[in-house]
Each structure stands twice: as structure tokens, then as C-alpha cells.
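Asks: Just dropping this structure here.
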Amino acid sequence: RMLDLPGNLEKLDADGHRIVHLVRDGREVVRSLQTWHHHHAWVHRCADGRIIKSADGDVVPFNDSCIEWAQAVGMMASYPTIRVEDLNSSKAKDAQKHVVPHWTEWTDEMTETFWKHCGKQMKAMGYK
56 RMLDLPGNLE KLDADGHRIV HLVRDGREVV RSLQTWHHHH AWVHRCADGR
106 IIKSADGDVV PFNDSCIEWA QAVGMMASYP TIRVEDLNSS KAKDAQKHVV
156 PHWTEWTDEM TETFWKHCGK QMKAMGYK
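Here the numbering used here is used: the first residue of the sequence shown is 56, the next is one more, and so on.
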């Protein structure tokens, strides 16, 4: 996870660094975020402004994980982009146990929520 992405980008740009955005399919990132939050203590500001703290086994609301990915990708829109999936043509095995099913098995509600928040960025990054 990138912390304070906007501040870091401005500093890197000002210092003359070249930035390339390495992006991963948002559906996989959201799934990973849900799993990460399930296994680590966290404090989270929800999309509606509420602040929640984790208890054992809690996860950030699915909706907020979608928004987090969409905002991060949106901040990087002006930089050259490389998709992780284009670097490795073979599918990596899904060895990690996730708390959210693979995106091909999401409920209609999860799929609609994801595309509502991430559709613009997914299409811009070339994902279907």
C-alpha cells in the first residue's frame, strides 16, 4: 500500500524523478486488500467519513477497498503505465487464502460495487 501517495508524487516530480505506474488488475487488488485487512490491525476512514478500528478478523468494507484502488489509480493517470499481467503471460497460482472469493465468483452486488467505483480506471488501464 502506498501511504500519502499525492505528497510523494509531488516531491518525486519536483526532484526530477521519472515515474512509471505499475498497475495490477483492480479486482485482484481489492481481493488482496480485503485479505490483508483481515489479518492485520488497522484503523480506517470509511467513504462516509466514519473511522473504524479492527477487531480480530474484521475487514474494511468492500465498497471502501474499491474506492481505495480507484483513487490510487486515478492519481497515477498522467504517468506511463505498465500492467503487471502484461509482464508475466502465465497466470500465477493463487496460493494465498483470501477472505473474499476470486472475482470470477463475486456476487452480483460485489461486481456492481466494484465496477461502480473502479470501472473508469479499469477501462483506462485496459482491463475488461
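Glycine included, C-beta positions come from ideal geometry on N, C-alpha and C. On a predicted model such as this, the values are computed, not experimentally measured, just so you know.
Since Phe117 contacts Met165 with CB under 8 Å, what's their CB separation in whole angstroms?
Replies: Yes, Phe117 and Met165 are in contact; Cβ-Cβ is about 6 Å, under 8 Å.
Asks: Should the segment 100 to 109 be regarded as contacting the segment 151 to 171, the criterion being three or more beta carbon pairs within less than 8 Å?
Replies: Cβ pair count under 8 Å is below three, so no.
Asks: Where Glu160 and Ala69 are concerned, what is the direct C-alpha to C-alpha distance, given to the nearest angstrom?
Replies: When rounded, the distance between both Cα atoms is 43 Å.
Asks: Check Gly71 in the structure and name its three-state DSSP category.
Replies: It is coil, neither helix nor strand.
Asks: Go through the segment 69 to 135 residue by residue and report every complete run of the alpha helix (DSSP H) that reaches 4 residues or more, in order.
Replies: The qualifying runs are 81 to 94, 117 to 130.
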